[in-house]
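In this text, residue positions in the sequence shown follow my numbering: the first is 315, and each later residue adds one. For every residue, glycine included, the Cβ atom is placed at its ideal position computed from N, Cα and C. As the structure is a computational prediction, the values presented were derived from the model and not from experiment.
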Amino acid sequence: MTTEERLAKVERELAELQHEVRTRRVTILDENGEIRAMLEVAEDGPMLRLCDAAGKNRAVLVASGAGPMLFLSDAAGNGRATLVATGDETMLTLFNAAGRERAGLYVDADGTMLRLCDAADKPRAFLAVVKDEPGLGLLDAAGKSIWSAP
């Protein structure tokens, strides 16, 4: 390959770069040099992380082989909400400041369930429609049914 051919090839490649950037990770820094966002291809798939001024992950979106997942955290770094869609299941889970599950909405091929938990992470109430049959129930702290319908 001649020098002119090499130069022409480099010029073509540079022209293509004006329309596309290829990399494995993009990191966005704030004016203080702190990481505020990162887009990368992790082992399980692409991941977008959004960080607060303290550098803590506040939102993480992952497109894994199992399905997409969104994780939201508070300023202390505690997980507060997750949204996961895998196969025929979709789950939205909400957590309190201590990291305990307080509510969950679950959908799969058989139906839908809303579960409410107490401060100790124990399910205490549920509302469900499974195979087109409704159900409503209340549980004591030990998980024993104290009321249900039908």
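Quick one: what does DSSP say residue i is sitting in, helix, strand or coil?
i    : result
A329 : helix
T316 : coil
V443 : strand
V421 : strand
V335 : coil
A322 : helix
N346 : coil
N392 : coil
G359 : strand
R414 : coil
G379 : coil
A434 : coil
Between the alpha carbons of residue i and residue j, how many angstroms are there, rounded?
i    : j    : result
A351 : V335 : 17 Å
N346 : W461 : 56 Å
L397 : V340 : 24 Å
N410 : G457 : 20 Å
L364 : E357 : 19 Å
S387 : V324 : 45 Å
I342 : E348 : 8 Å
A329 : T317 : 18 Å
P464 : K445 : 14 Å
Residues in the same chain with beta-carbon distance under 6 Å from residue i, minus the five sequence neighbours each way, listed in chain order, please.
i    : result
G391 : K370
E403 : D422
A395 : L386 and L408
Does the beta-carbon distance from residue i to residue j come in below 8 Å?
i    : j    : result
A439 : L452 : yes
G418 : V443 : no
M361 : L375 : yes
For residue i, tell me which candidate among the options has the shortest Cα-Cα distance.
i    : options                   : result
A455 : D446, L430, E330 and A377 : L430
G393 : A329, M383, L408 and G381 : L408
G401 : A380, L384 and L343       : A380
A367 : G359, M405 and D344       : D344
Can you list, in chain order, the residues of its chain whose CB lies under 8 Å from that of residue i, leaving out five sequence neighbours each side?
i    : result
S285 : Residue 285 falls outside the range modelled here, since the chain spans only 315 to 464, and no answer is possible.
Going along the chain, which residues of its own chain have a beta-carbon closer than 7 Å to the beta-carbon of residue i, five neighbours each way excluded?
i    : result
S378 : D358 and G359
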